[in-house]
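> Residue numbers (the working numbering): 1 to 90. Beta carbons are placed, not taken as given, at the ideal position from N, Cα and C, and that holds for glycine. Fair warning: this is a prediction, and the values are worked out from it, not measured in the lab.
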Amino acid sequence: MKRTALSLVITLLLITTCGGAADRTNSIIEETWGETGGKTVKLFTLTNKAGMVIKVSTFGATLTYVSAPDLNGNFDPVVLGFDSLSMYLA
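#1: For PHE59 versus LEU80, is the C-beta spacing smaller than 8 angstroms?
#2: In the DSSP assignment, find the unbroken beta strand (DSSP E) run with SER84 in it and report its ends.
#3: Quick one: Cα of VAL53 to Cα of ASN72, how far?
#4: To the nearest angstrom, how far is it from the Cα of LEU63 to the Cα of ARG24?
#5: Using the DSSP secondary-structure output, state which residues sit across from LEU43 in a beta bridge.
#6: Candidates GLY38, GLY37, LYS55 and PHE75: which alpha carbon is nearest GLU31's?
#7: CB SER57 to CB LYS42, shorter than 8 angstroms?
#8: Could you give the residue range of the beta strand (DSSP E) that holds LEU63?
#9: Out of VAL66, GLY37 and LYS49, which one is the CA nearest neighbour of ALA26?
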């Protein structure tokens, strides 16, 4: 179930381009975000060609951050989450 949700978020981000600049590329950055219950938790930062950014963790497919363009093309966070796994665990 978690992999399905993560796959869906990744797919939506990568196919959703808002007419971005040609010098940008899609990217996925994986980092270790913490550990809970003896398991490593990863945080994936996904960026599409338009500059939209989504951060999602393997801790229940938690969506921790989304930045999308407004009507004027300015990028602002539209989803705010905690910066660390420990904040979610608290």
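Answer, in terms of the structure:
#1: no
#2: It is not in any beta strand (DSSP E) - SER84 carries neither H nor E in the DSSP assignment.
#3: 17 angstroms
#4: 23 angstroms
#5: GLU31 and SER57
#6: LYS55
#7: yes
#8: 63–69
#9: Sequence check: residue 26 is Asn here, not Ala. The residue with the shortest Cα to Cα distance from ASN26 is LYS49.
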